[in-house]
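Asker: Just so we're aligned, residue 1 is where the sequence shown starts under full-length UniProt numbering, counting upward by one. Where is the CB? At the ideal position from N, CA and C, for every residue including glycine. Computed from a predicted model, the values in this text were never measured in an experiment.
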Amino acid sequence: MATSLILPIGFVSFLFILIGIYISVRDGGKKNLHVFDFFFLGATVLAFVLANYLWFLLNDKQTGILVGIWAVGNATLGLYFRIMFSKAGNDDFQ
Numbered sequence: 001m002a003t004s005l006i007l008p009i010g011f012v013s014f015l016f017i018l019i020g021i022y023i024s025v026r027d028g029g030k031k032n033l034h035v036f037d038f039f040f041l042g043a044t045v046l047a048f049v050l051a052n053y054l055w056f057l058l059n060d061k062q063t064g065i066l067v068g069i070w071a072v073g074n075a076t077l078g079l080y081f082r083i084m085f086s087k088a089g090n091d092d093f094q
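(1) Please tell me whether residue 64 and residue 56 are closer than 9 Å, where the distance is taken between their beta carbons.
(2) Just the Cα atoms here: how many angstroms apart are residue 25 and residue 60?
(3) Within 8 Å, do at least three Cβ pairs link the segment 82 to 89 to the segment 46 to 54?
(4) Helix or strand or just coil, what does DSSP make of residue 33?
(5) Does the Cβ of residue 44 have 16 or more other Cβ atoms within 10 Å, making it buried, or fewer, making it exposed?
(6) Any idea if residue 78 is buried or exposed, counting beta-carbon neighbours within 10 angstroms, 16 or more meaning buried?
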């Protein structure tokens, strides 16, 4: 794959992620989301954008990889705490 295609493909995939987030929030309603969900989601998106900025625009590949790991960690922690919150009976969805 040509290196010139990597950045546009990454941008399009990130756009699809944002559209998917918007649709899930819109269809799921605000009652299924809590404040901590937005913090973890924001941290994940921010780490993803920063990692791509470092990797592609600043050409700092090692730092981009390190920051890219943050996105996965943030998403994993968000899912973990969401599951624990649901198991504790603090949510009204099944």
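Answerer: So, from the listed chains and residues:
(1) yes
(2) 34 Å
(3) no
(4) coil
(5) buried
(6) buried
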